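Undergrad:
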Amino acid sequence: MAVSLNSVWKTYGEGATAVHALAGVDAEIPSGEFTVILGPSGSGKTTMLNLIGGIDDVTSGDLFVEDLNLTGLTSDERTAYRRSTVGFVFQFFNLIPTLTALENVELVTSLTMGNGAERAAAVLEHVGLAERLDHFPAMLSGGEQQRVAIARALAKSPPVLLCDEPTGELDFETGRLILDLLRRVNREENQTVLLVTHNAAIGDMADRVLRLRSGSIVEDRHNANPIEAGELTW
Amino acid sequence: MTPLHHKLLRDIRAQRAQFIAVIVTIFLGVTLFAASYDSYQNLAASYESTFTEFRFANVTMSGGDVAGFADVARQEPGVDSVELRTVGDVPLQMGGLKLLGRVVGMPPDAQPSVNQVRIADGSYLAASDTDTALAEEHMADHFKLAPGSTFEVLGPTGWQTMAVGGVASSPEYIWPARNRQELLTSPDNFAVVFVPERLAQVIVGTDGPNEAIVYYIDGVEDEALTDLLLAEAASRGATVSFARDDQPSNAALSEDLKGFEELALFFPMLFLAAAGMATYVMIGRLVHAQRPQIGVLLANGFTRRQVLSHYLGYGVIPGLIGAIPGAVAGVVLARVITGFYTEMLSVPSTLIRFYPATLLAGVAFGLVASILAAIGPALLASRIAPAEAMRGSAPAGRGRPSIVERIVPSLRRLPVPWRMALRGIERNPRRTLFTVLGVVLSLTLVLVSWGMLDTIVNLMDKQFVQIQQEDATVYFAGPVGTDDVLALQEVPGIAAAESVLQTPVVLVGDDRYESILTTFDSGTAMHRFFGDDGRERPLPDDGLLLGGAMKGILGVSAGDSVQLSVSGYATEARVAGFIDEPLGTAAYASRTYVETVVGATLPATSALIRYDEGAVVDEVRAGLVEMDGVAAFEDANALYDTAQKYMIFFYLFVGVMLLFGGAMAFALIFSAMSVNIAERTREVATLLAVGTERHQISRMITAENMMVALFGIPLGLGFGYLAAKQAMASFESDLFAFDLYIRPSTLVVSALAILVVALLSQWPGLRAIGHLDIAKIVKERSL
Ligand SMILES: Nc1ncnc2c1ncn2[C@@H]1O[C@H](COP(=O)(O)OP(=O)(O)O)[C@@H](O)[C@H]1O
Ligand SMILES: [Mg+2]
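Residue numbers (the working numbering), protein chains in the order written: chain A, 1 to 234; chain B, 235 to 1017.
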């Protein structure tokens, strides 16, 4: 699915203490593109992702995902949108500590499809965790936890996958494995992937790089020949 | 089971200590409700069925023109039956004991149409047996009488031997009260026998019946009819007349029943409120801690309604786990209580039923309490903004010196742990507030039950130690002169004897009130009088001292005059003042005053005596009982003991309540304390990481918790006092004056107990700090 932002503003607070997390952002992201959003801390990357993911409200401007204008959706419509369209991967994995790997994924599949457990197991197998289905998050390494989180996001085959610093908490090797995994599913399922990071090196694997600074896009670049994640170094 | 169900159950298991505490509070509240409410219903039903089955009189009239009254009553369309009979208090002798008993006339061969009896043993009176009586069950139990046993009754021709033909229980004597002024009797001084009517007239010495009893159609109360009949009775010179509600036994039972009903609602509500509080605190904190998890759920497309019901589950599950067994336990307990109670009182007809409504209501109460408690936090959870929730926990407030530190700057020189404790209290107003509330509720629960206990003990002490000064009462067979009383002082073992004259009287002011006038010697040393201000006052020679309740009933104040009628003879008397006595509402006067009003020298009906030091009670009794003219002897201590025995059930109930309250207090404080500690795991881990010693941290947390608990104690004492006052007020009537009295030591001990409980309930949490795995917490990257 294509994502398009038309002079999107996001302002926190009011008056003198107002913070413009996004200040008039325009962007067109075609369906199936792997986009990396770069920028220093506080530049509005997470904000942009949250707006696209429908877990936060646009202050002004229009935000379309395919034909759907997210601005002005009711809370129920927004929930339905999240359920059907987006998958989230967070920096801190955000797994439910009291649920096993399988159950964390099943949490999402049970919402959208009949036989949740089977699908959940299949997705976990796909991310290489077939042996870890019944482990609780505390028993998994960081990389494994993040793979569970990715499996959770992928399980419902969302047309749009949003990843906020998915490697921020991981070591170099593990980080690369995760990025490779993301790139693979992007190609296999033709998902639109938006990946936020402050690590400029990661930009080299993307089809497209957006650079944010103080809530504005300061660079919008296409990679003619993106390299494989396995070849990245930082 | 969906993953959310798993999460729910595992979260509950992870915090089982707190959930168990909540479950226990709900269980206790619901058990208490079901047990006391079903007992109440069983008792009310038992009394009700006794009343219709044994045709318990709707109106009773004693003395005056009872025959004329009966004729009028029979004409009333609502009246089913009217009976005339003879009732009188006469000396009885059995087992070497003389006592003032009661003879009740019954038609031979067939039960009367009003106030029937249940034959527990033997058979009903037959016309052919002129010297056979039915012994009332309390008497039979106490003196171990069975058909064939004998006792003696004092008739006009002297002591006469009677055979027991049967044992009977009666709706009139379920609670063996002699009259409204003498509700507490000991089987050693009051016993009831039913004899053929003809014989009753001979023994009592009347030439016709002296009491009329009226039963309405189906026994159904009819207030207008009752008012009419009571007015008729008054106009025909009744010395005592009452409606069914005021019949002494029934009035005492109604008080009891009313108390049961009050307790059946008041205590469980208090408990469930506490349970609700604990649930609210726990789920509120859970939601707070799980904000990021809620964010994840919402981000993944869970609806707000799904989140709402998920968090309601944290209330519903403990609610059900506590309420269902609670209701069942309560219903079972109610059967035991009712059985025990009706057995103890010998209620003629016991109806123990299963009330499904109580079971359902119990479960519903528990569930409603926990849902109400969960709804706030659950709504909060469902309204969380996901983006914000996942940005990390909300800032925990700015750090700054606490208000107390700013007010008292020297506090800033306290050691760091103390300063941290002070600031912690202020930084977490919610946590502080709920700990304080936990302490307040716990103290309230404990004080209400303990306050009732103290009040009763105090009441007994007031009546039997402070007010009544005699060691024993000697009743005479007929009126005697005061010289005869003085002569008792010559009996070995007796140090002093004073004359007493007791007469049923009717006092008339705005309204009429039937009471007993007790005449003491001026300056009596046998009875002390306390005014409504609590101060002792002498017995006046210029008027009557009336029980405080009469002030309102008669609408008079000190100095006014009232009409005083004694067996139809009326005179004016002056009210000298009012007194405060816990049991009954009586009238007192000095012999000097009454003799002035009557214009004649008065006899004595009984004597109050004081023993010589070292006198043996049994010997004094034996000596007195031998004497002619002495009808009965009543040892004051024996009566006190009986009174205590009657209170056993009450003590038991309050004791159980105190136990429940204590358990509840423990559960409440335990949950508050353990959450206090659990919530700061991360803070503690950080402190440990920078090298703070574990015992320092323990001390800091303890200091903070104890300061908060200390703050709650005065509030809890105040609130508990008010709640106890409220609880006692519901028992107040002209029969019992229950002024709340809480011993200072009770306040101190309950406050200390709460502190100790608070201190102890920190233990598991603090122990957990000892085992805290810093690495794990720091590594913990899931939510
Ligand atoms: N809920 C909020 N309230 C106030 N300011 C916020 C809030 N969320 C984000 N901000 C501010 O918006 C700006 C952008 O934040 P964010 O999108 O998280 O940046 P990034 O992800 O690039 O580090 C920052 O200055 C941040 O402080
Ligand atoms: Mg960010």
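A virtual CB, placed ideally from N, CA and C, is assigned to each residue, including glycine.
Please read all numbers here as calculations on a predicted model, not as lab measurements.
1) Look at the alpha carbon of residue 513/B and the alpha carbon of residue 561/B, and state the distance between them as a whole number of angstroms.
2) Can you tell me the Cα-Cα spacing of residue 630/B and residue 522/B, whole angstroms?
3) How do the region 854-863 of chain B and the region 830-837 of chain B stand: do at least 3 beta-carbon pairs fall below 8 angstroms, yes or no?
4) Taking 8 angstroms as the threshold (C-beta atoms), are residue 623/B and residue 525/B in contact?
5) Give the DSSP bridge partners of residue 733/B, in chain order.
6) Residue 358/B to residue 736/B, Cα distance in whole Å?
7) In chain order, which continuous runs of the beta strand (DSSP E) of length 3 or greater are located wholly inside the region 357-402 of chain B?
8) Quick one: complete alpha helix (DSSP H) runs, 4+ long, within the region 429-471 of chain B?
9) Taking only beta carbons into account, state which residues of the region 87-103 of chain A come closer than 9 angstroms to chain B, listed in chain order.
10) Per DSSP, which residues does residue 195/A bridge with? Please list them.
11) Residues of chain B with a CB under 8 angstroms from the CB of residue 42/A: which are they?
12) Just to confirm my understanding: we take residue 1016/B, look at its own chain, exclude 5 residues before and 5 after, and list those with CB closer than 7 angstroms. What are they?
13) Got a sec: does ligand 1 put a non-hydrogen atom nearer than 7 angstroms to the Cβ of residue 43/A?
14) So with CB distances below 9 angstroms, who are the chain E contacts of residue 127/A?
15) Which residue wins for smallest C-alpha separation from residue 572/B, given the options 956/B, 271/B, 255/B, 685/B?
16) Give me, in chain order, the residues of the same chain whose beta-carbon lies closer than 6 angstroms to that of residue 179/A; leave out the 5 immediate sequence neighbours on both sides.
17) What number of angstroms, rounded off, separates the C-alpha of residue 457/B from the C-alpha of residue 307/B?
18) Does residue 79/A have its Cβ less than 8 angstroms from a Cβ in chain B?
19) With distances taken Cα to Cα, identify the nearest neighbour of residue 74/A among 47/A, 54/A, 26/A, 92/A.
20) For the pair the region 17-36 of chain A and the region 201-212 of chain A, tell me if three or more CB-CB distances fall below 8 angstroms.
21) From which residue to which residue does the beta strand (DSSP E) around residue 313/B run?
22) Less than 7 angstroms between the CB of residue 8/A and some heavy atom of ligand 1, yes or no?
23) Return the chain-ordered list of same chain residues with a C-beta closer than 6 angstroms to the C-beta of residue 795/B, the five sequence neighbours on each side being excluded.
24) Select from the region 42-56 of chain A all residues with a C-beta closer than 7 angstroms to any C-beta belonging to chain B, and list them in chain order.
25) Could you give the C-beta distance for residue 105/A and residue 152/A, rounded to a whole number, given that I count them as a contact under 8 angstroms?
26) Considering only the alpha carbon of each residue, which of 217/A, 226/A, 111/A lies closest to residue 7/A?
27) Near residue 360/B, what residues of its chain come up, given a Cβ to Cβ distance below 8 angstroms and the 5 sequence neighbours on each side ignored?
28) By the DSSP assignment, the alpha helix (DSSP H) with residue 928/B in it spans what residues?
29) Verify the CB distance criterion: does residue 629/B have a CB-CB separation below 8 angstroms to chain A?
30) Could I get the ranges of all uninterrupted beta strand (DSSP E) runs contained in the region 802-839 of chain B, with 3 residues as the minimum, in chain order?
31) Taking DSSP as the reference, what is the three-state secondary structure of residue 745/B?
32) Please confirm whether residue 1001/B has its beta-carbon closer than 8 angstroms to some beta-carbon of chain A.
33) Helix, strand or coil for residue 41/A? Go by DSSP, reduced to three states.
34) I want to see whether chain B comes within less than 8 angstroms of residue 106/A, judged by CB atoms only; does it?
35) Compare the C-beta of residue 624/B against all C-beta atoms of chain A and say whether one is closer than 8 angstroms.
36) Along chain B, in chain order, which residues have C-beta atoms closer than 9 angstroms to that of residue 83/A?
TA: The relevant details are as follows:
1) If I take the Cα positions, the gap works out to 19 angstroms.
2) Its pLDDT being 43, under 50, residue 630/B is placed unreliably by the model, and nothing is read from it.
3) In short, these stretches do not touch, since the Cβ pair count stays below three.
4) yes
5) 841/B
6) 34 angstroms
7) Complete beta strand (DSSP E) runs here, min 3: 366-370, 384-389.
8) The region 429-471 of chain B contains, as complete alpha helix (DSSP H) runs of 4+ residues, the segments 431-438, 457-469 (chain order).
9) Under the 9 angstroms Cβ criterion, the region 87-103 of chain A contributes 87, 88, 90, 92, 93, 94, 95, 96, 97, 98, 99, 100, 102, 103.
10) 36/A, 163/A
11) Simply none; closest approach about 12 angstroms.
12) Only weak support exists for where residue 1016/B lies, its pLDDT of 43 falling under 50; the coordinates are left without a value.
13) yes
14) No chain E appears in this structure, whose protein chains are A and B.
15) 271/B
16) So the qualifying residues of the chain are 229.
17) 14 angstroms
18) yes
19) In terms of CA proximity to residue 74/A, 54/A leads the group 47/A, 54/A, 26/A, 92/A.
20) yes
21) 313-319
22) no
23) 806, 808
24) 50, 53, 55, 56
25) 5 angstroms
26) 217/A
27) 342, 343, 366, 399
28) According to the DSSP assignment, residue 928/B belongs to the alpha helix (DSSP H) that extends over 928-963.
29) At residue 629/B the pLDDT is 42, less than 50, meaning the model places this residue with poor confidence; the figure from the coordinates comes in the next sentence. No - not a single Cβ of chain A is within 8 angstroms of the one on residue 629/B.
30) 803-813, 821-824
31) coil
32) no
33) coil
34) yes
35) yes
36) Those within 9 angstroms of residue 83/A in chain B are 534, 535, 536, 537.
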